[in-house]
Structures are given as C-alpha cells and as structure tokens.
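Undergrad:
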Amino acid sequence: MSEAASVHAVRARIGDSEFDRDTAVTRRAPGVYDIDLSAGWTIISAVNGGYLLAVLGRALADALPHADPFTISAHYLTASQPGPAVVRTDVVRTGRTLSTGQASLFQYDDQGREVERIRVLASYGDLDSLPDDVRTTARPPAIPPMDQCFGPEDGPAPVSGSSAITDRLMLKLDPATLGWALGSPSGKGEMRSWFGLADGRDPDPLSLLLAVDALPPTAFELGLSGWVPTVELTVHVRCRPAPGPLRVSITTRNLAGGFLEEDAEVWDSEDRLVAQSRQLARVRLG
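In terms of UniProt numbering, the sequence shown opens at residue 1 and continues consecutively.
Pasting the structure below:
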C-alpha cells in the first residue's frame with residue numbers, strides 16, 4: 001500500500017472537504033465577498049496565516065478571469081479572529097496568460113469600525129497551460145517514511161501553544177527536526193514534515209497556500225518558544241500538485257533584531273517542486 005493510501009481509508013474530495021467549506025466566500029456584490037472565519041484554523045486565538053491566504057486566494061480566483069494563483073504576496077496588518085469578515089478585491093490588470101489583482105480582508109472592532117487584517121497582491125494564470133520543461137538543481141527533502149515520523153497525536157500531551165488547526169491537518173514531522181519537542185532543540189532552524197489535510201482531501205493550488213505556513217515554526221528548533229506572527233508572506237505556486245501527501249521543508253538562516261525569515265519548499269508525490277515561499281516573521285526573544 002502506498003503512503004497516500006495508508007493515511008486515509010476514506011478521502012474527502014476537492015470541493016467537498018472541511019478546507020473547502022471553511023474557505024468558501026459568498027459574493028455580496030462585484031468584488032465584495034463575505035466569510036465567517038472558522039475557529040478550526042486557529043493558533044492559540046489567532047487565525048492561521050496560511051488559512052487566511054487561502055481565503056483571499058479563493059476570492060481572487062472568483063474575481064479574476066484566471067483561476068490559479070501563480071504568485072501571491074501578503075502583508076499581515078493585524079491579527080484575525082474567528083468570526084465574520086469581508087474581503088474586497090480589485091482587478092489591477094487582465095492579460096491573455098496572467099491577471100493581477102489585489103484583495104484585503106476586514107473585520108470589525110468593538111465600535112463597529114472596519115479593521116484591515118491582511119492585504120495581498122497576486123497574479124493568476126492557468127497552471128495546466130504551462131510547458132513541461134523543467135531545469136532545476138532542487139532536490140526533494142530527505143524525510144524518513146511516514147511511519148517513522150511523528151505527529152501531534154504522538155506526544156504525551158499537547159505542545160505549549162498548540163491549537164485547533166492541528167486537528168485539521170495530517171502532519172508527520174521528521175524526527176531530526178523534533179528536538180524542540182523533547183527539550184533539546186538542534187539550533188539549526190529547520191522543520192520538515194509530511195503534510196496533508198486530515199480528511200484526506202488531495203492538494204490543489206489553494207491548499208498549497210496553507211501548506212507553506214502550517215508547520216511548527218523553525219524558531220522552535222532555534223530554542224525559542226511562543227507565537228511567531230507572520231509579517232509578510234510570498235508564495236509561488238509552480239505547478240498543480242499530484243494526488244497524495246506533500247513534503248514540506250522550511251529553513252531559517254538568519255534571526256536578527258527579533259525577526260527571522262522562513263524559506264519553504266513543497267514537493268508532491270511525484271517529486272515535483274510545486275510551491276515555494278518566503279516569509280518574514282517576528283519572534284519573541286528572551
């Protein structure tokens with residue numbers, strides 16, 4: 001039995017899964033969408049940045065003439081909370097192969113005033129129209145087989161700062177990047193894991209926006225703890241992922257002034273590099 005088949009006997013389908021339902025937006029008017037942000041994708045009390053990116057990505061897929069995100073850059077302005085939100089989109093440019101748009105997500109404060117949570121600029125196209133020519137020196141991450149890796153369910157107790165989002169994911173982390181969970185962080189700033197959705201839904205371009213921001217922070221392996229909020233995140237989707245579990249590798253090379261970068265690669269079951277990202281995040285020192 002393959003790795004993919006051994007994870008879930010019954011699989012949710014793309015378009016009919018918890019991820020699809022929780023990222024679905026309702027068009028109120030041209031370019032304006034309503035959504036109720038689900039508490040199921042929170043880290044502590046804040047909504048996960050990758051989930052938020054997928055929400056805005058879905059709204060832009062509806063607003064633009066092209067359906068697939070090629071590149072999307074987000075600035076996280078204030079922490080989002082579960083509950084009602086509105087997404088406003090603008091079409092910047094439409095072309096034959098690429099369309100560019102921007103979107104912002106707003107929520108309301110205690111006085112009923114709109115507060116902008118996240119703002120993105122993105123270019124969309126048709127991944128299926130891309131040529132097959134690949135010339136790369138990139139190699140898939142060396143992660144042990146899934147049955148030799150560990151997930152949140154394998155720990156004796158929830159990790160400090162763990163959250164509802166872990167119940168919605170299939171994470172099997174490389175033991176070589178789990179020193180932080182045992183009180184002995186490696187200091188290398190690396191995190192590697194098998195990744196999927198808990199209901200077995202296969203990956204697609206929108207779920208890749210979640211995958212790049214769903215692993216424990218590399219700051220944990222640097223000996224730091226606590227929330228690591230994203231300041232800016234850019235994702236490049238390189239091709240449509242094949243069915244089956246993904247492998248995600250994230251590295252940090254430089255922590256300075258209370259900020260670090262995280263570079264992520266996402267590989268599919270056919271050993272293709274399907275997404276890349278870089279984010280700048282704030283860390284709590286001391």
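Where a beta carbon is used, it is the ideal one built from N, C-alpha and C, also for glycine. These numbers come from a predicted model, not from an experiment.
1) From this set, 68, 272 and 211, which residue's C-alpha is nearest residue 135's C-alpha?
2) Could you name the residues of the same chain whose beta carbon sits closer than 6 angstroms to that of residue 219, not counting the 5 residues immediately before and after it, in chain order?
3) Determine which residues share a DSSP beta bridge with residue 263 and list them.
4) CB-CB under 8 angstroms to residue 161, same chain, minus the five flanking residues each way: which ones, in chain order?
5) Would you kindly work out how many angstroms separate the C-alpha atoms of residue 69 and residue 182, rounded to a whole number?
6) Looking at the C-beta of residue 25, does it have a partner C-beta in chain D at a distance below 8 angstroms?
7) How big is the Cα-Cα spacing for residue 46 and residue 81?
8) Between residue 208 and residue 274, how many whole angstroms is the CB-CB distance? I'm expecting something under 8 angstroms.
9) Which one of 38, 66, 148 and 65 has the shortest CA to CA distance from residue 55?
10) How big is the Cα-Cα spacing for residue 232 and residue 285?
11) For residue 161, which three-state DSSP category applies?
12) Kindly list the residues whose CB is nearer than 6 angstroms to the CB of residue 88, restricted to its own chain and excluding five residues on each side of it in sequence; keep chain order.
13) Taking the alpha-carbon of residue 20 as reference, which of 110, 101, 210 and 66 has the nearest alpha-carbon?
14) Ignore the nearest five residues each way along the sequence and tell me which others in residue 263's own chain have a CB closer than 6 angstroms to its CB.
15) Are residue 16 and residue 26 closer than 8 angstroms when you measure CB to CB?
16) By the DSSP assignment, the beta strand (DSSP E) with residue 142 in it spans what residues?
17) Going straight from the alpha carbon of residue 72 to that of residue 256, what length do you get?
TA: A quick look at the data gives this:
1) Minimum Cα distance to residue 135 is reached at 272.
2) Excluding positions up to five away in sequence, the list reads 228 and 283.
3) Checking the DSSP bridge columns, you'll see residue 263 partnered with 251 and 278.
4) Because the pLDDT at residue 161 is just 48, under 50, the model does not fix this residue reliably, and the point stays unresolved.
5) Going by the C-alpha atoms only, they are around 38 angstroms apart.
6) The structure shown contains no chain D, having only a single protein chain.
7) Each residue's alpha carbon lies about 5 angstroms from the other.
8) With a Cβ gap of about 6 angstroms, residue 208 and residue 274 count as contacting.
9) The option with the nearest alpha carbon to residue 55 is 38.
10) If you take the alpha carbons of residue 232 and residue 285, they lie about 19 angstroms apart.
11) Because the pLDDT at residue 161 is just 48, under 50, the model does not fix this residue reliably, and the point stays unresolved.
12) Taken in chain order, the residues that qualify are 32 and 104.
13) Of the residues 110, 101, 210 and 66, the one whose Cα lies closest to the Cα of residue 20 is 210.
14) So the qualifying residues of the chain are 251 and 278.
15) Taking 8 angstroms as the Cβ cut-off, residue 16 and residue 26 do not qualify as a contacting pair.
16) No residue range can be given for residue 142, since it is assigned to no beta strand (DSSP E) and is classified by DSSP as neither H nor E.
17) Between residue 72 and residue 256, the C-alpha separation is close to 25 angstroms.
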